[in-house]
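K.L.:
344 is the number of the first residue of the sequence shown in this note's numbering; add one for each residue after it.
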Amino acid sequence: MGRSFLDTHVLLYADDASAPSAKRATAQEVLVACTRDQTGVVSTQVLQEFAHVALRKLHMPPSDVLQRIQAFSRLAVVEVHVPLLIDAVGLVARHRLSLWDALIVRSAVAAGCTEVLTEDLNHGQRIDGVRVVNPFRGVPARP
Numbered sequence: 344m345g346r347s348f349l350d351t352h353v354l355l356y357a358d359d360a361s362a363p364s365a366k367r368a369t370a371q372e373v374l375v376a377c378t379r380d381q382t383g384v385v386s387t388q389v390l391q392e393f394a395h396v397a398l399r400k401l402h403m404p405p406s407d408v409l410q411r412i413q414a415f416s417r418l419a420v421v422e423v424h425v426p427l428l429i430d431a432v433g434l435v436a437r438h439r440l441s442l443w444d445a446l447i448v449r450s451a452v453a454a455g456c457t458e459v460l461t462e463d464l465n466h467g468q469r470i471d472g473v474r475v476v477n478p479f480r481g482v483p484a485r486p
């Protein structure tokens, strides 16, 4: 089994009590499997996005956010540096992606991932050799 890059939504849905229960359960299953199998990868961008949304929209206490970031940091973590940003800008031009999505894809490539788990890109699409998988595809939006 190859490595899987986890987009921010996977982390957020796992902690979001207001998320549909099926999405929350799916996100939690993905996190458990990726942690157990040591196949999960995140980036500093994903951790920053998680912290921002958890604090501002989910209203999680900073101590809980810190605890979650420490837990997510047990996965492989790609640090976003200038060369990765430069590669991502090139990807924006070639594939018409947002900069943030391009950084996700380039981080996945840098980590040797075979797939990106996200609902922000087209399921089944291949970008720079990485397959896009929407783990929430077919999961009911509401309970």
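The beta-carbon is built from N, C-alpha and C at its ideal position, and this holds for glycine as well.
Residues in its own chain within less than 7 Å of Asn465 by CB, not counting five upstream and five downstream?
P.N.:
Val475
K.L.:
According to the neighbour-count rule (16 or more other Cβ atoms, all chains shown, within 10 Å of its Cβ), is His395 buried or exposed?
P.N.:
exposed
K.L.:
Output yes or no for whether 8 Å exceeds the beta carbon distance between Val473 and Val482.
P.N.:
no
K.L.:
Is DSSP giving Ser361 helix, strand or coil here?
P.N.:
Here DSSP, grouped into helix, strand and coil, assigns Ser361 to coil.
K.L.:
What is the C-beta distance between Leu390 and Asp358, in whole angstroms, given that I count them as a contact (C-beta under 8 Å)?
P.N.:
For a cut-off of 8 Å, the C-beta gap from Leu390 to Asp358 is around 13 Å, too long to register as a contact.
K.L.:
If you compare alpha carbons, which of Thr457, Pro426 and Glu462 is closest to Leu446?
P.N.:
Pro426
K.L.:
Classify His424 as buried or exposed, calling it buried when 16 or more other Cβ atoms lie within 10 Å of its own Cβ.
P.N.:
exposed
K.L.:
Per the DSSP calculation, Arg474 is bridged to which residue(s)?
P.N.:
Glu458 and Arg469
K.L.:
So what does DSSP say about Arg346, is it helix, strand or coil?
P.N.:
Per DSSP, reduced to three states, the secondary structure at Arg346 is strand.
K.L.:
Taking Cβ positions, are Phe415 and Val384 nearer each other than 8 Å?
P.N.:
no
K.L.:
With distances taken from CA atoms, which of Thr378, Ser361, Val448 and Ile470 is nearest Ser421?
P.N.:
Note on residue identity: the sequence assigns Val, not Ser, to residue 421. The option with the nearest alpha carbon to Val421 is Val448.
K.L.:
Could you tell me the distance, in whole angstroms, from the CA atom of Ser364 to the CA atom of Leu355?
P.N.:
Cα-Cα distance, rounded: 13 Å.
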